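Chemist: Using the numbering used here, read the sequence shown as starting at 1 and increasing by one per residue.
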Amino acid sequence: MKEEVSVIAGPSSFDLAARIARKLDTHLVPVDARIFEDGESKLRVGKTEKKCCIIVQSTYPPTDRHLLQALMMIKKCADSKVEKIYAVIPYMAYARQDKAFLDGEVVSMALVARLLETAGLARLLTVDIHSPFALSYFTIDVENISSIPVLASYTANNICLDRPIVVSPDSGGKERAAEFARILNVDMIALRKFRDRDTGRLSIDERLDTNVEGRDVILVDDMISSGGSIAEACKALKNCKSGKVYAICAHALLIGNAMSTIKAAGVEDIIATNSVPNKSAKVDLSAIISANLNRLIHTY
Ligand code: R5P
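(1) Touching or not, the region 34-45 and the region 68-80, by the rule of three or more beta carbon pairs under 8 Å?
(2) Nearest CA to the CA of Thr63: which residue from His27, Asp284, Ser225?
(3) State the Cα-Cα distance for the pair Gly104 and Leu124, rounded to the nearest angstrom.
(4) May I have the straight-line CA-CA distance separating Gly120 from Arg22, to the nearest angstrom?
(5) How should Leu219 be labelled, buried or exposed, when 16 other C-beta atoms within 10 angstroms of its C-beta is the threshold for buried?
(6) Which residues bound the beta strand (DSSP E) around Asp307?
(7) DSSP three-state call for Lys99: helix, strand or coil?
(8) Give the range of the alpha helix (DSSP H) segment to which Arg197 is assigned.
(9) Would you please state the rounded distance, in angstroms, between the beta carbons of Val267 and Ala247? I believe it to be under 8 Å.
(10) Say the cut is 6 Å; is the CB of Ile224 nearer than that to a heavy atom of ligand 1?
(11) Can you list the beta strand (DSSP E) stretches of 3 or more residues lying completely in the region 180-236, in chain order?
(12) Measure the CB-CB distance between Val82 and Lys50 and report whether it falls below 7 Å.
Structure (structure tokens):
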């Protein structure tokens with residue numbers, strides 16, 4: 001594959017891109033990124049193959065900067081007449097804005113999909129996108145890879161749990177949590193979470209479907225941003241006398257005081273993937289991403 005494929009290391013995901021390139025046994029193309037005083041990015045992409053380029057760029061905060069940088073790299077490949085332009089965007093920003101929930105709201109995900117396609121993207125790989133509906137705005141082929149098997153395997157091998165139960169903080173994440181619970185062969189419940197769409201205020205119904213008293217809990221979510229959902233869920237579980245609570249997610253954005261909010265609520269630890277490179281990124285995505293890329297490269 002060496003001669004045909006270039007893996008382009010986007011400024012947000014150098015380490016992940018390097019791991020993917022190693023697993024695909026191909027070379028890594030560096031990208032020189034300068035940020036000007038006014039916040040603009042100026043990118044210089046190294047020499048790439050013409051046949052297939054894989055751009056790796058997660059769009060965690062600063063979200064708009066990382067998204068624009070992804071667009072810039074795609075456009076560069078298109079201008080260089082690269083035949084197949086693929087992007088690996090493990091954390092897909094704006095996926096939570098997939099519908100207009102209130103009058104006047106912009107469906108930003110539809111715009112993001114249009115921008116990526118217009119720039120020249122042929123295929124997108126993402127990981128645990130917030131809502132599969134967000135993918136409906138793409139007309140190109142899109143793969144949404146589940147990180148649940150690798151997160152579950154990490155949990156089974158590294159955390160000692162007493163009569164564990166998997167809990168989804170809301171009904172929207174039920175299937176994800178159910179997949180996790182199936183792999184670990186343990187019970188699962190979903191909490192009932194309510195969010196006031198005007199104020200953003202969260203509340204969780206403490207009348208649970210199962211008694212969690214004394215049981216260790218694995219809270220499974222797609223992402224942690226402000227930490228509010230996980231903190232409120234943990235408080236509700238502790239009020240119901242649960243044992244230890246661990247938070248597991250694909251994308252730990254951990255904005256502002258999220259980490260301290262979560263720890264103050266009683267969460268033992270946060271385990272996430274390296275879609276966002278930070279202290280909680282304990283699970284490497286490069287193997288599952290490379291396996292999917294290998295299949296795509298040889299099929300299309
Ligand atoms: C919501 O539906 C999502 O699955 C997450 O629970 C939520 O986006 C996390 O955000 P925060 O950490 O700000 O509560």
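Just so it is clear, CB atoms sit at the ideal spot from N, CA and C, and this is done for glycine as well.
On a predicted model such as this, the values are computed, not experimentally measured, just so you know.
Modeler: Put simply:
(1) The region 34-45 vs the region 68-80: in contact.
(2) Checked all of His27, Asp284, Ser225; the closest Cα to Thr63 is Ser225.
(3) Spanning the two alpha carbons is a distance of roughly 29 Å.
(4) When rounded, the distance between both Cα atoms is 26 Å.
(5) Buried, because 16 or more other Cβ atoms sit within 10 Å of the Cβ of Leu219.
(6) No answer is possible for residue 307: it lies beyond the span of the chain, which begins at 1 and ends at 300.
(7) It is coil, neither helix nor strand.
(8) Here Arg197 belongs to no alpha helix (DSSP H), and DSSP marks it neither H nor E.
(9) Contact flag correct, Cβ pair sits at about 5 Å.
(10) The nearest non-hydrogen atom of ligand 1 is less than 6 Å from the C-beta of Ile224.
(11) The qualifying runs are 187-190, 192-195, 202-205, 217-224.
(12) The answer is yes: Cβ separation under 7 Å.
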